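Chemist:
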Amino acid sequence: AQSVSQHNHHVILSEAASLELGCNYSYGGTVNLFWYVQYPGQHLQLLLKYFSGDPLVKGIKGFEAEFIKSKFSFNLRKPSVQWSDTAEYFCAVNADNAGNMLTFGGGTRLMVKP
Amino acid sequence: DGGITQSPKYLFRKEGQNVTLSCEQNLNHDAMYWYRQDPGQGLRLIYYSQIVNDFQKGDIAEGYSVSREKKESFPLTVTSAQKNPTAFYLCASRTDRGAGPQHFGDGTRLSIL
Chain A
107 AQSVSQHNHH VILSEAASLE LGCNYSYGGT VNLFWYVQYP GQHLQLLLKY FSGDPLVKGI
167 KGFEAEFIKS KFSFNLRKPS VQWSDTAEYF CAVNADNAGN MLTFGGGTRL MVKP
Chain B
12 DGGITQSPKY LFRKEGQNVT LSCEQNLNHD AMYWYRQDPG QGLRLIYYSQ IVNDFQKGDI
72 AEGYSVSREK KESFPLTVTS AQKNPTAFYL CASRTDRGAG PQHFGDGTRL SIL
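Residue numbers (my numbering), protein chains in the order written: chain A, 107 to 220; chain B, 12 to 124.
1. Where does S179 (chain A) fall in DSSP's three states?
2. Three-state secondary structure (DSSP) at G147 (chain A)?
3. With a CB to CB cut of under 6 Å and the five nearest residues on each side skipped, what residues in its chain are close to V163 (chain A)?
4. State yes or no: is the C-beta of Y142 (chain A) within less than 7 Å of the C-beta of Q108 (chain A)?
5. Compute the distance between the beta-carbons of T88 (chain B) and T31 (chain B), then report whether it is under 7 Å.
6. Does the separation of the CB atoms of L121 (chain B) and P86 (chain B) fall below 7 Å?
7. Compare the C-beta of F178 (chain A) with all C-beta atoms of chain B and state if any pair is closer than 7 Å.
8. What do you get for W189 (chain A), buried or exposed, if any count of 16 or more other CB atoms within 10 angstroms of its CB means buried?
9. Going by C-alpha distance, which of B:S60, B:T90, B:K81, B:R79 is nearest E73 (chain B)?
10. With a threshold of 7 Å on Cβ separation, who are the neighbours of P220 (chain A) within its own chain once the five nearest residues in sequence on each side are excluded?
11. Could you name the residues of the same chain whose beta carbon sits closer than 7 Å to that of S244 (chain A), not counting the 5 residues immediately before and after it, in chain order?
12. Identify the contact partners of G118 (chain B) in chain A, using a Cβ-Cβ distance below 8 Å as the criterion.
13. Evaluate L124 (chain B) with the Cβ neighbour count: other Cβ atoms within 10 Å of its Cβ, from every protein chain shown; 16 or more gives buried, anything less gives exposed.
14. Taking 7 Å as the cut-off, decide whether the C-beta atoms of D70 (chain B) and L56 (chain B) are in contact.
15. With distances taken Cα to Cα, identify the nearest neighbour of P185 (chain A) among A:H115, A:N114, A:L119.
16. Ignore the nearest five residues each way along the sequence and tell me which others in P161 (chain A)'s own chain have a CB closer than 8 Å to its CB.
17. Name the residues in the region 134-147 of chain A whose C-beta lies less than 7 Å from a C-beta of chain B; which are they?
18. Mind checking which residues open and close the beta strand (DSSP E) that includes C102 (chain B)?
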């Protein structure tokens, strides 16, 4: 079974700092990759997704992620964070042998100081 | 607007009691899921259903039961056999036609009295 690791559990940044959240998965086959965000008091929302094609994926609110197959990674980035980016971020993987099931990472809680 | 509705938002359970969490979707999605969210552990899959009258156990199904009598509804029962039920429960759905993201409800927070 595949697993997903998010190594940073808590990240604290000042506004305008750059962000990179790590995500690594364990499955060697074809994968679909997702980043979800959960703002305080809100439901999980899709931030961006990768299915195929250009490994650099752009999502909402200035976020992007890069799929590096050789490293089994799908790190999330944003050049300049804002206070409103304070949220919990989840990486998720759908492996081609898992039907439409998602495996989630443990989440990274981001706090942006104004 | 289409979406997923979970109710109640907060629920309390007494020892030895079964409680049922509701999940309804009007997205016409085929597949529905129940996750449990605990701090630092991300989301763990409890049960999922790909079609009506069919469901499968996820990674942590013990102490839980589900039914899928209607396409739009996937209630989760937390039984007295679940010894550590305090958590945030999330319901999700997804169309089964090709790859696509899951859509999530707002969640139900369950606590033990």
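From the three backbone atoms N, C-alpha and C, an ideal C-beta is built for every residue, glycine too. Note that the structure is predicted; figures quoted are calculated from it, not measured.
Modeler: With the structure as the only source:
1. S179 (chain A) falls in the strand class under three-state DSSP.
2. Coil at G147 (chain A), not helix or strand.
3. Excluding positions up to five away in sequence, the list reads L154, Y156, A171.
4. Contact: no.
5. Contact flag set, yes.
6. Not closer than 7 Å, so no.
7. For F178 (chain A), no Cβ of chain B is located within less than 7 Å of the residue's own Cβ.
8. By the Cβ-count criterion, W189 (chain A) is exposed, with fewer than 16 other Cβ atoms from all chains shown falling within 10 Å of its own Cβ.
9. Ranking the options by Cα distance to E73 (chain B), first place goes to B:T90.
10. Cβ within range, chain order: E121, W189.
11. No answer is possible for residue 244 (chain A): it lies beyond the span of chain A, which begins at 107 and ends at 220.
12. Among the residues of chain A, those whose CB is under 8 Å from the CB of G118 (chain B) are H149, following chain order.
13. Of the residues assessed, L124 (chain B) falls on the exposed side of the cut-off, its CB having fewer than 16 other CB atoms within 10 angstroms.
14. Yes. Within cutoff.
15. Nearest neighbour of P185 (chain A) by Cα position, chosen from A:H115, A:N114, A:L119, turns out to be A:L119.
16. Take P161 (chain A), set aside five residues on each side of it, and the residues of its chain with a beta-carbon closer than 8 Å to its own are E172, F173, I174, K175, in chain order.
17. Residues are counted here when their Cβ sits less than 7 Å from a Cβ of chain B; for the region 134-147 of chain A these are N138, F140, given in chain order.
18. Going by DSSP, C102 (chain B) is part of the beta strand (DSSP E) stretching over 98-105.
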